[in-house]
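A.B. asks: Protein chains in written order, with our numbering: chain D, 11 to 343; chain L, 11 to 343.
Beta carbons: idealized from backbone N, C-alpha and C, even for Gly.
Computed from a prediction, not measured in an experiment: that's the story for all the values here.
Before anything else, here's the structure in question.
2 protein chains.
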Amino acid sequence: MEAERQPTLADVARAARVATSTASRALQESPRISETTKLRVRAAARTLGYRPNRVARSLRTRTANIAGIVVPDIGAPFYSRVVKGAQDVLETAGLAVLVMNTQREPGREVTALRTLLEHRVSGVLVATSGGSAAEPEMPTVYFDNIVRNRGVGNVTRANVDGVMLLVEHLRGHGHTRIGYVGGPPTLTSGTERLEGFRQAVTSFGLAAREDYVQLSEATWSPHSGADAMRRLLALDEPPTAVVTSGESLALGALSACRNAGLRVPEDLALVSFDDPPFGDLLDPPLTALVRNEEEMGRLAASLLLHALQSTAFPPPADVRLPVELVVRHSCGC
Amino acid sequence: MEAERQPTLADVARAARVATSTASRALQESPRISETTKLRVRAAARTLGYRPNRVARSLRTRTANIAGIVVPDIGAPFYSRVVKGAQDVLETAGLAVLVMNTQREPGREVTALRTLLEHRVSGVLVATSGGSAAEPEMPTVYFDNIVRNRGVGNVTRANVDGVMLLVEHLRGHGHTRIGYVGGPPTLTSGTERLEGFRQAVTSFGLAAREDYVQLSEATWSPHSGADAMRRLLALDEPPTAVVTSGESLALGALSACRNAGLRVPEDLALVSFDDPPFGDLLDPPLTALVRNEEEMGRLAASLLLHALQSTAFPPPADVRLPVELVVRHSCGC
DNA sequence: CTGAAAGCGCTTACAG
DNA sequence: CTGAAAGCGCTTACAG
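This is the structure in structure tokens:
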């Protein structure tokens, strides 16, 4: 920790005996500056340990070279991986990443967005919890939960296709009594995956029992997954296979089976939409959709960068990440 | 996304018919400004949708109200939880958090620190991968892997105590042939936990066989954990219990046991230093140290905030998070 | 209680 | 090829 203040461009210019404007241009490799001058300036900068002050540059150029990312819970494996992917492409593009955590509270989401606006970030990536109703005041890409006709883009997975793919696979194993353990039917993931299940019931001619659909009320926790699974197992004629719509739900469902003395997949087949961390190390290894959170982050970041560069205002891009099955053993394979 | 530019304080002042200095003070709730003026200014600000420009404020006050955090892998559950804890206390203190990911490459760590310096962050939290050799140029708190006599503080867990606690518990179950699956013996976690195991061997009178210590060479991955466990199991007289020094290692070790047809804990007891995500949902539920990553993040952030406020330059605080056992079933309980 | 002025550290037309 | 000057949007002594 240094007490003395950082050298400024003026200090460098003085040491190199040029004007600050010349020093600025030299350091930017402007072709207008002679090679000898550049050499002098660079030498002076190095000697002084000069580090440009991005705050000043941001103020002057009116662009902060910072992007914001707003997530419900940075501690959750899902979101931390999205952040990783996004961070990687943003940083490559020269943007540092300001992370805001909302704890899924809409109020905190609004505050987070406001803070980001005050920092004059170039743009923002948002996994909404339902907080922001109004049109955002900065270039915004929504991911995970999408918000139609707002922002410059949306990225989420092919939720309907994903659930149908999972059901289809179970159907291929001969199951017709298939249950669904779902998250709260709000926002994109909750509603679309449920819709996917309903479609699958029709498409694949499954037993259309409303009590085969068990949704958690408020959270996507293992606890809700276990509860939902227990309700399924308590039925007069329980399903022979179950689709869970999220990683935590899957883990909870799995442990509920274990506690009920059921073997997976022998007594009950289980597949999951999200692949939990170390899903391949579970007992049994879980059949799920291929993990692509980093890809989602990369894609969302790319959409944002694209929007920042383009001058046109096309309608928001609406991107669906394709789903793919990773077949392990919990399905019966 | 708004095309028109954000209103400035000058715009607010004009609308309220005061000087910008007065507007500034009114919005800061300075006691020097009359209540009626404040009312006018606030009304003008609200009408215009004024949002202070923190970039300008930062330049002027020479403090960015941003903190940096540098981690090897934001996608890893461990680090993402630390970030969550840190983010929470920093944000409460009015600091936004810039996250840098190094992929464990020392070169990227140096670059990350430089970028943070250029952003003139107030201070930084670093989980080093061994990159930064020199004295940091900003207030720095190291966490996870500590760096003595640098920065303003260090936070890590009581690594030696932790391993001893785990061994002691296994010893309580009657085991004397206890193996150790460790991460690379570099940096704090790798070296101190190994040291803890060596001490435990002596203290608890265990079989002191060098081949009971199996370290991974470069990574903390499940793969290395499985390899190390396999080496242990291939021994002439394999251990009856194993301590793993990290979450990924534990999961890899567990799956190696499974593949070898060993039941845990009946055939081999297993305990882990880190508690993996959903460790309670594993089969068997894993006995490990209580998870306290968020606490580590909170503590590191608090140390930083303290250093930022204090004018004194005390020697770096060196904090050890106490460890605690969460007894589940993999140990034989 | 309020205002005019300077200045944080840069970049970038504008001159020469 | 180089420099003097203005200005990004704030805050804060300094006057009054």
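Which of the residues in the segment 130-142 of chain D, read from start to end, lie with their CB under 7 Å from any CB of chain L?
C.D. replies: Going along the segment 130-142 of chain D in chain order, one finds R130 with a Cβ nearer than 7 Å to chain L.
A.B. asks: Taking the beta carbon of L:D246 as the centre, do at least 16 other beta carbons fall within 10 Å, making it buried, or is it exposed?
C.D. replies: exposed
A.B. asks: On the premise that D:Y190 lies in contact with D:Y152, defined as a C-beta separation below 8 Å, what is that separation, rounded to the nearest angstrom?
C.D. replies: Going by Cβ atoms, the distance from D:Y152 to D:Y190 rounds to 25 Å, so no, they are not a contact pair.
A.B. asks: Pairs of beta-carbons, one from the segment 119-129 of chain L and one from the segment 89-107 of chain L, closer than 8 Å: are there three or more?
C.D. replies: Touching, no, given that fewer than three Cβ pairs across the two stretches are closer than 8 Å.
A.B. asks: Using a Cβ-Cβ cut-off of 6 Å (strictly less than) and excluding sequence neighbours within five positions of D:R130, which residues of its own chain qualify?
C.D. replies: A74
A.B. asks: To the nearest angstrom, how far is the alpha carbon of D:R241 from that of L:V165?
C.D. replies: 45 Å
A.B. asks: Please report how far the alpha carbon of L:Q113 lies from the alpha carbon of D:P248, in whole angstroms.
C.D. replies: 46 Å
A.B. asks: Just tell me which of D:L278, D:V51, D:E45 and D:L69 has its CA closest to the CA of D:T30.
C.D. replies: D:V51
A.B. asks: Taking 7 Å as the cut-off, is the CB of L:E303 close to at least one heavy atom of the ligand MG?
C.D. replies: No copy of the ligand MG appears in this structure; indeed no ligand is present at all.
A.B. asks: Quick one: is D:P195 near chain L, going by C-beta distance under 8 Å?
C.D. replies: At least 8 Å separates the CB of D:P195 from every CB of chain L.
A.B. asks: List the residues that DSSP assigns as beta-bridge partners of L:F153.
C.D. replies: Paired residues: L:V165.
A.B. asks: Taking the alpha carbon of D:D21 as the point to measure from, which residue in D:D284, D:S40, D:T47 and D:P62 has its own alpha carbon closest?
C.D. replies: The shortest C-alpha separation from D:D21 is found at D:P62.
A.B. asks: Pull up the distance between the alpha-carbon of D:S340 and that of L:V274, whole angstroms please.
C.D. replies: 20 Å
A.B. asks: So, is the C-beta of L:V80 closer than 8 Å to a C-beta in chain D?
C.D. replies: no
A.B. asks: Determine the DSSP secondary structure at D:L108, reduced to helix, strand or coil.
C.D. replies: strand
A.B. asks: Just to confirm the assignment, what range does the alpha helix (DSSP H) spanning L:D237 have?
C.D. replies: Annotation for L:D237: the continuous alpha helix (DSSP H) segment containing it runs P232 to L243.
A.B. asks: Let me check one thing: in DSSP terms, what residues is L:A251 bridge-paired to?
C.D. replies: L:I188 and L:A279
A.B. asks: Rounded to a whole number of angstroms, what is the C-alpha to C-alpha distance between L:V337 and D:E147?
C.D. replies: Spanning the two alpha carbons is a distance of roughly 50 Å.
A.B. asks: Quick one: is D:G256 buried, meaning 16 or more other Cβ sit within 10 Å of its Cβ, or exposed?
C.D. replies: buried
A.B. asks: Kindly list, in the order they appear in chain D, the residues whose Cβ is closer than 8 Å to that of L:L264.
C.D. replies: L291
A.B. asks: For the putative contact between L:V162 and L:A77, defined by C-beta atoms under 8 Å, what is the C-beta separation to the nearest angstrom?
C.D. replies: No, L:V162 and L:A77 are not in contact; Cβ-Cβ is about 13 Å, not under 8 Å.
A.B. asks: Starting from the Cα of D:A218, find the closest Cα among D:V109, D:F207 and D:L176 and give me that residue.
C.D. replies: D:F207
A.B. asks: If you measure between the beta carbons of L:A25 and L:L58, is that distance less than 8 Å?
C.D. replies: yes
A.B. asks: Within its chain, find whatever has a CB closer than 8 Å to the CB of D:V300; leave out the 5 residues flanking it on each side and keep chain order.
C.D. replies: So the list reads D285, V333, E334, L335 and V336, once near-sequence residues are dropped.
A.B. asks: Roughly how many angstroms lie between the CA atoms of D:A311 and D:H185, to the nearest whole one?
C.D. replies: Straight across, the Cα-Cα distance linking D:A311 with D:H185 is about 40 Å.
A.B. asks: Roughly how many angstroms lie between the CA atoms of D:T18 and D:R330, to the nearest whole one?
C.D. replies: One C-alpha to the other measures close to 47 Å.
A.B. asks: Can a CB atom of chain L be found closer than 8 Å to the CB of D:G85?
C.D. replies: At a cut-off of 8 Å, the C-beta of D:G85 has a neighbouring C-beta in chain L.
A.B. asks: Could you tell me whether any Cβ in chain L is nearer than 8 Å to the Cβ of D:S44?
C.D. replies: no
A.B. asks: Should L:K48 be flagged as near chain D, meaning a C-beta pair shorter than 8 Å?
C.D. replies: No - not a single Cβ of chain D is within 8 Å of the one on L:K48.
A.B. asks: Return the bridge partner residues of D:T138 from the DSSP annotation.
C.D. replies: D:T138 pairs with nothing; no bridge assigned.
A.B. asks: On the CB-based measure, 16 or more other CB atoms within 10 Å of its CB, does D:L278 come out buried or exposed?
C.D. replies: buried
A.B. asks: Between L:I79 and L:A96, which are expected to be in contact by the criterion C-beta below 8 Å, what is the C-beta distance as a whole number of angstroms?
C.D. replies: 6 Å
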